[in-house]
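To start, the structure itself, in structure tokens.
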């Protein structure tokens, strides 16, 4: 059984039952919808109690339940560059704005990155008379580059010197 | 003269003068820092008054000033997938979370995309005792897919039917 | 079940029945042929009533009917650059004429794009004594790039300044 | 001298003079704007009289004038997939709608392609209260696949048999 | 059923029967061997009478017979650059001689291409005391680039001006 | 000096002089036009006497003359897949017809290839009332795969066993 | 049945029987081990008598036996660049030493190539006190580039002129 | 001035002076050799005092000194997959051992990654009678994936549940 | 049976039994965990006694047991560049630090590489009040480039000449 | 100065002087021609005395002489897959014969590779009445994979167990 087989099975049941993701996420609970859906699509993991609830909801076997509690090989079966227009627009935003974001983050925080691991994100609808907007709020811990000494004793992090 | 030559010239002057991006953006004004820096790095355009200010600040020729007011060939000289760690983390977020964001946005809004054109973004420092965080707030207009009729008369947009 | 499995099933039935696309589109109705065929090939979605008609026509299960009403992962199973000559010619037109179209659209409309979402297209036969021609009429909403201010208050769209 | 050097020179002069493409095309005349701009950007050729006018306008040398009358190595210096959003949208339209267009054109015309060589295109602004639209009208000669006989004597073109 | 499944089935029967392509092409008849074999390998289509004969020969179902009469998604399942030495040599000939052929064809015919659609080809053995040679004779209609006017009225084709 | 610099120089002189390839090939002589033009474009070599004539014609230095007599790094500066339409059509012919040509050549000659080295080619205009045609005649020595024995003593070439 | 299915079947039987390649090659006989193993792995063909012996050894069907006697689509299912370390080292040798080998072979033999078709190879163990060595002896016929005349009459091969 | 121009200049001076990296690192001091060399090769940054020392040592201009204190566009001018054998071996180790390292790190630490930012590394010679060995000691902070709640209130990090 | 099928089977059993890798490695024994897990994931081989133990543990057939004792086609089914974040970080470390490691290893050892074959690695948890760290210790034999003489008699290894 | 600039300079001088590689290698001496030419083309290094002789021969500066004694970034400026026919044939041999060579070397030597570092190669002309042959003799040390124990104490190399 591959993780993608499990995803396919879950989507088939969702179709047969006519469920919404909102309903499924409500049943499993505990995490944001993005994470729960991400796990059901094979990119995130669920906790054991969540996997148990998912197994109950979808009528999964023990091995399938365990699989939902495993860290998947992330990025598997994802095509890059993305060909789906919705995902491509996000990719394009990174491509076009990446260099500017890089120098502005570095000027503000010093040498380092915004973590993609200690990270959370929210998607909301922002009502707007000219057409509603998708609002994404992302927050990632700033991780300063560690500069280690010749002796290995005195690490220095993401120095800025301004 | 290529746009990348102009970018290189601007960066050289910035280095010689010891200016910060904050200072440069303050001098040019009018737009968010991301857009102004994006224009100076060759991915966005400035308005004529902004280009004039930039020309004054950096001592640019008339043709260089005009170039800053031109829409560039966006994405030129940008390597994908990004090899710089800061930009790669943003790319990874799109890759790993893309499928979940897709289905959640579609369930909420119907068939369509978040615009990468009618879009704005803010980067802020979110103070945090465990380590400050980079906060990105993005807002893009939802664009429903247009479903046009056989006669071309009655367009229907991003239908959801829930 | 993958979307491509459903497409394969639909094509098999079409072959067995000896149906034309024209006939199928007439039976399902409501949208242009490009959209209906696009949905049956796995790149677009049908409305619920259309999916119901398609299900009746092809003898599909409930889950298959639901799948036709889902937004697909667009671009999946499409190879780029296209190797099929008919599709390649369209790709070549974009490649060769892209730069000229870009600067002409920008000079006419300002900074922005022609939407691929709020878009419609018609294909017609144009009779011609030297050989009939394929006529494609495309119309996409012009979307001006949003230039947002430092404060986020005063968006400016696709300025031109001529 | 490479064709891209000539393009760069022409764009520099355009910037210094502050000319619009409309003005330049009007001066050179004879062809549609797309073709003239395409030639100046290095993807098409001008006739000798047009090249002469262009040389006069931009103050080009004899060799540069001759170069404008040469068929260029088309597609040179064009990155695919396109990273510029305006051009990418056109590319996406081909990718997403390609399979549907293929089967519909083949059902209508038989086995063959829409020529990208015996082809013309017009770009217009279509005023619209909800936002003006970019209208592209494309017309390419249908070229039926030639099915040649074992003896080579009796070619058959793009048979349909309906 | 995919076209590649049908190809696989046909090849299996050919193996079991111990047939040569020459024999198969003789049975189906009407077109050159390259086209008939191309169709059986999934890159070309047969006429209805040919598909009927092929169905009889290979014992195919109605749907399979219909599939042989469909224009396939050409180029599908073909890897480029080719890794098979025989096909690679042809690819190499295009790569190494392409630029010279381009300028010589353009000098002789004006701006345009040799059609890959209105095209035929013959393969023969040319006896030679130093080792027999493969002789390929290709003939494609020259298609002049259409240069259309600003008004769209007066197309000009592949001008040469010598 | 790179071979591409020499090509660029030769093309510049050709433009200034207003020469045709026909004229240049006539002056250098001895080989077919394809080979001479191929050498001047950096993909083939000239003999010493030819290089001397070319040097005289174009006013080249001793080192440039020697370079024309060197085997170049073939394929350098050639982009694959080709983006120029004229060259792409040839590439497409290989892609679409490759599998059929492979099995037909193998059935006729046994296991082996058509040489791309012991190869010649002619391009001609074939007058035709429906539009002149480009006729390419290619002839390459058939090279049978060598099947060598365990002892290395008894090579067997391209066996067919029919 | 695909050639890769047959390879998989043969390897399964080899595992079950616990056979060595040496043993299998000895049973089939006639060619070097590299060729016989190459055929069983789907990259070469066996003669009819060899295929018969292989069919007997592995208990193959008639169609499978015939398949072993067919020239395969060489290079199919082979990933390039190779990710297996043993094969990668050979690839690296070509990459790093390729340019030097090219100029030395051309200086010695004139313009041409070492044939990969009229080619044989032996692999031996060379005992060595510092660690045994793998010794590969390769021999390929030198094929001079054919330089054909304008009239096609007087081919000249791989001239050197020293 | 590009970062790669500065690197080239520094390497030229190193060559002319006949300096070793050890000497250069000793003169600049403060960080491990890997970081200092990384900065001089354009992948890391130096502190201001280090950049000042480097500027003195190499006789750099003010702008060049400033550039060494800038975070570079990391990964620029680095080819992947690496073609240099020394770097390729490291790449191969990641490729071959990556999946095993992934599951073992996740079993030990829970869901997360080894940071490539809060990271240090040492290279040493390990004397060995069978041939000295290169010893690399790498240490990266384990970063647990953050699992955030529906309300965004209760982040949970890299849960393991054993 | 493919190696990936066996891996999938082993993972399914591991899930059903609820085993940890630690437990599995303890049962099989003899090698480091990285190697045993690597073999079960299809990138390494086990010894015969280990394969026997693994067969007993997982209830494998004889052929499956033999397969675990075979050297696999390493790197098969591994995607590069890696899309999984944990493996990508290791890849990034090679990319960013590769050039610096190269020149430092060469300065210390002379011309050569760190072996990826005569190599071992350990992964440990390094407790740390600021967050535990993943510690990787790698040791590979230094292999000097062999410089062989014109006569082949006097090999010289990885000379340094300092 | 880049290594490729030095290569270009050396080739220009070679052309002007009309030297053969044989002559140059004789003047520099000490290593096989492949290595000396490899170094002059930027893929290998020379010893100090060799670099001195090369500097004298070509009239190089001190920095250029030093560069010839540096280990280059191997593989830089080499295009893969190779487009030059001579080098491609070697690449094809690895591709087509790679899998067979892999299993035969592993059966003979156990798990490991043929070193591409402790490696030598000779190119010779093998006179042959049917056409002379290029003979390549390659010899690389067999490097057994090291299997290290859980305790790290008892390495085992490339076990075979037959």
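Chains as they are written, first to last, in our numbering: chain A, 1 to 162; chain B, 1 to 162; chain C, 1 to 162; chain D, 1 to 162; chain E, 1 to 162; chain F, 1 to 162; chain G, 1 to 162; chain H, 1 to 162; chain I, 1 to 162; chain J, 1 to 162.
Beta carbons: idealized from backbone N, C-alpha and C, even for Gly.
A quick note: this is a predicted structure, and the numbers were derived from the prediction, not measured.
Comparing the C-beta of residue i with each C-beta of chain F, is any distance below 8 Å?
| i | result |
| --- | --- |
| residue 129 (chain E) | no |
| residue 12 (chain G) | no |
Beta-carbon within less than 7 Å of residue i's beta-carbon, same chain only, minus the 5 sequence neighbours each way: which residues are those?
| i | result |
| --- | --- |
| residue 142 (chain F) | 109, 112 and 114 |
| residue 132 (chain B) | 125 and 126 |
So with Cβ pairs under 8 Å, would you call residue i a contact of chain B?
| i | result |
| --- | --- |
| residue 105 (chain H) | no |
| residue 18 (chain D) | yes |
What does residue i pair with, by DSSP beta-bridge criteria?
| i | result |
| --- | --- |
| residue 139 (chain J) | G:135 and J:120 |
| residue 112 (chain E) | E:144 |
| residue 125 (chain I) | I:134 |
| residue 156 (chain H) | H:147 |
Determine, using beta carbons only, whether residue i comes closer than 8 Å to chain J.
| i | result |
| --- | --- |
| residue 52 (chain E) | no |
| residue 80 (chain E) | no |
| residue 101 (chain E) | no |
| residue 159 (chain G) | no |
When you compare each of the options to residue i by their alpha carbons, which one comes out closest?
| i | options | result |
| --- | --- | --- |
| residue 22 (chain F) | F:34, F:16 and F:44 | F:34 |
| residue 157 (chain C) | C:149, C:150 and C:145 | C:145 |
| residue 107 (chain G) | J:59, J:160 and J:19 | J:19 |
| residue 160 (chain A) | A:150, A:134 and A:104 | A:104 |
| residue 87 (chain I) | H:80, H:78 and H:97 | H:97 |
| residue 62 (chain I) | G:117, G:15 and G:129 | G:15 |
| residue 134 (chain J) | G:117, G:90, G:24 and G:95 | G:117 |
| residue 147 (chain E) | D:26, D:81 and D:46 | D:46 |
Check whether the Cβ of residue i lies closer than 8 Å to any Cβ atom in chain D.
| i | result |
| --- | --- |
| residue 147 (chain E) | yes |
| residue 108 (chain F) | no |
| residue 43 (chain F) | no |
Would you grab the beta carbon distance between residue i and residue j for me? Rounded to a whole angstrom, and I think it's under 8 Å.
| i | j | result |
| --- | --- | --- |
| residue 72 (chain I) | residue 125 (chain I) | 29 Å between Cβ atoms; not a contact. |
| residue 13 (chain B) | residue 83 (chain D) | 27 Å between Cβ atoms; not a contact. |
| residue 28 (chain H) | residue 53 (chain H) | 5 Å |
| residue 95 (chain A) | residue 38 (chain B) | Residue 95 (chain A) to residue 38 (chain B), Cβ: 12 Å. No contact. |
What does a CB cutoff of less than 6 Å around residue i pick up in its chain, not counting 5 residues either side in sequence?
| i | result |
| --- | --- |
| residue 137 (chain G) | 122 |
| residue 120 (chain I) | 139 |
| residue 51 (chain A) | 65, 68 and 69 |
| residue 30 (chain D) | 50 |
Does chain A have any CB closer than 8 Å to the CB of residue i?
| i | result |
| --- | --- |
| residue 59 (chain I) | no |
| residue 133 (chain B) | yes |
Taking 8 Å as the limit between beta carbons, can you name the residues of its chain near residue i, skipping five residues before and five after?
| i | result |
| --- | --- |
| residue 41 (chain J) | 7 |
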